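Novice: Position 166 of the sequence shown, counting from 1, maps to 168 under the numbering used here, and the rest follow consecutively. Beta carbons are placed, not taken as given, at the ideal position from N, Cα and C, and that holds for glycine. All figures in this text were calculated on a predicted structure; none of them were measured in a lab.
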Amino acid sequence: MPDMRRNNKKERKRFSWFFLLRLTGIVIFIIVILNVDLHAIWQNIKKVNPGYLALALLFQIVLLIVKGIRWHILNDGRRNKNAFFQSMGEFLESYAIGVITPGRLGELLKAGYQKKKENIIGSGIRVLAERGLDVGFFVFVAGSAIMWGNLINIESVWGIVIIITGILITGIAVLLISSRVIIDWIEKLSKKISITWKKRKATDTVFILILSLISNISAFISCYLLVIGIKIKMTLLVASGGVAIAGLLNMLPITVMGLGTRELTFLYVFDEFQEAQILALSGLIFLVAQIGGGIFSLLLGQLFLFINKKQAKHSN
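#1: Where do the N-terminal and C-terminal ends of the alpha helix (DSSP H) with M90 fall, by residue?
#2: With a threshold of 7 Å, establish whether the CB of I63 neighbours any heavy atom of the ligand ADP.
#3: Does the beta-carbon of W170 have 16 or more other beta-carbons within 10 angstroms, so that it is buried, or is it exposed?
#4: Name the two residues that bound the continuous alpha helix (DSSP H) containing N152.
#5: For F86 and I67, I'd like the C-alpha separation in whole angstroms.
#6: Among T167, L59, R182 and R128, which has the Cα closest to the Cα of G296?
#7: Rounded to whole angstroms, what's the CA-CA distance from S242 to K315? Just pull it up for me.
#8: Please report how far the alpha carbon of L266 lies from the alpha carbon of G53, in whole angstroms.
#9: Do the CB positions of E154 and I148 come within less than 8 Å of each other?
#10: Using alpha carbons as the reference points, say which of I188, R81, Q292 and F272 lies closest to N152.
#11: Distance check for K311 and M6, CA to CA, integer angstroms please.
#12: Below 6 Å CB to CB, which residues in the same chain sit around L57 once its five sequence neighbours on both sides are set aside?
#13: Could you work out which residue in I223, Q276, T167 and S214 is closest to H74 when comparing CA atoms only?
#14: Alpha helix (DSSP H) containing G249: first to last residue?
#15: Pull up the CB-CB distance for F306 and G145, whole angstroms please, since I reckon it's below 8 Å.
#16: Considering only residues of the same chain and omitting the five flanking positions on each side of I179, which have a CB-CB separation below 6 Å?
#17: Where do the N-terminal and C-terminal ends of the alpha helix (DSSP H) with G53 fall, by residue?
#18: Note down the Cα distance separating K69 from L251, rounded to an integer number of angstroms.
Okay, here's the thing in C-alpha cells:
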C-alpha cells in the first residue's frame with residue numbers, strides 16, 4: 003500500500019505546466035494562422051515570380067536547419083542521434099511559437115525543457131546568447147546600410163555608432179557562451195542562483211559564430227529574392243538594412259508577427275519606392291519568413307520530437 007501511494011504521488015507530480023504552456027503556444031499559433039487574411043496574401047503571391055518565391059522559401063528552410071544545429075551545439079553538444087533530434091525538436095517548436103508571440107518571447111520555451119533549476123537558468127542564458135548573436139548581426143547590417151547604402155538620411159557617424167554597437171552585442175553574446183568568468187560574475191551578482199556551465203572548445207565557439215553568419219545571411223538573401231521577384235530595383239545592402247531594422251523593431255513586445263511595425267518601418271526606410279510595391283514586399287516576407295517558416299518549423303519540430311520519443315522507448 004505505501005508503495006502504491008508513492009507511485010500515485012509520482013504520477014501526480016508528472017503533470018507538467020511547461021507542457022501546458024507548449025500546448026497553449028501551439029493552439030495560439032494555429033488560431034493566428036486561421037485568422038490571417040489569405041486573400042490579401044494571395045494578391046501578393048500573384049505579383050511575385052514563382053521561381054524567386056520558391057528560392058526564398060528554400061533559404062528560410064536553410065535558416066531553420068542551421069539555427070537548429072547551432073542550438074544543439076550551444077545547449078547540448080553531444081554527438082548522439084537522439085540528443086540531436088531532441089535539440090532540433092525543441093528549437094523548431096519554440097521557434098514556431100516565438101514567431102507568433104510579441105518580442106519572440108516564445109523562444110524562451112527552449113529553457114523550459116530542462117529539468118533542474120540551474121539547468122533552466124543556464125539554458126536561459128544560452129537562449130539570450132543565441133538571440134544576442136542574431137541581434138548583433140542585425141544591428142551591424144543596419145549600421146552598414148546606413149553608412150554605405152544611404153538607407154536613412156542621417157549623419158554617417160551614427161552608422162559607425164550602430165556598427166560598433168552590433169559588434170559589442172555580438173561580443174557579449176560570445177562571452178556568455180565561452181567565458182566562465184562571466185557566468186561566475188552573474189552568480190555572484192544575484193547571490194541566489196546557480197548556473198550550470200557548459201565548457202566548450204574554442205573551435206565550437208567559432209563554429210557557432212559561422213552558423214550564426216550562415217543563418218542570418220540566409221534570412222537576408224531570402225528577403226532579397228522576394229525584392230527581385232516583385233521587381234523592386236534595390237541593392238542587397240539596402241534591402242538587408244531595411245529588413246534588419248524592421249526585424250529589430252519586431253523584437254519589441256508590441257505586435258504579433260510584427261504586423262504593422264514592419265509595414266511602417268518599410269514605408270519609412272524605403273520611401274523612394276512605390277508604396278504598393280513596398281506593402282506587397284512586406285506581405286510576402288510575412289508569408290515566407292513567418293507563416294511559411296512557422297508552419298514548417300512547427301511540423302518538423304513535432305516530427306523530430308516524435309522520432310526521439312519513439313527511439314527512446316525502443317532503447318528502454
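Specialist: Taking the definition as stated:
#1: K83 to V101
#2: In the structure on display, the ligand ADP does not appear, and there are no ligands present to speak of.
#3: The sequence given here places Leu at residue 170; Trp does not occur at that position. Exposed, by the Cβ-count rule.
#4: Careful: N152 lies outside any alpha helix (DSSP H) and carries neither H nor E.
#5: 12 Å
#6: L59
#7: 45 Å
#8: 28 Å
#9: In the sequence under discussion, the amino acid at residue 154 is Ile, which differs from the Glu named in the question. Yes; because the gap between Cβ atoms is below 8 Å, this pair is in contact.
#10: F272
#11: Low confidence applies here, because M6 scores a pLDDT of 47, under 50, leaving its location unreliable and the question unanswered by this model.
#12: L227
#13: S214
#14: L238 to N252
#15: Their Cβ separation, rounded to whole angstroms, is 36 Å, which puts F306 and G145 out of contact at 8 Å.
#16: A131
#17: P52 to N77
#18: 21 Å
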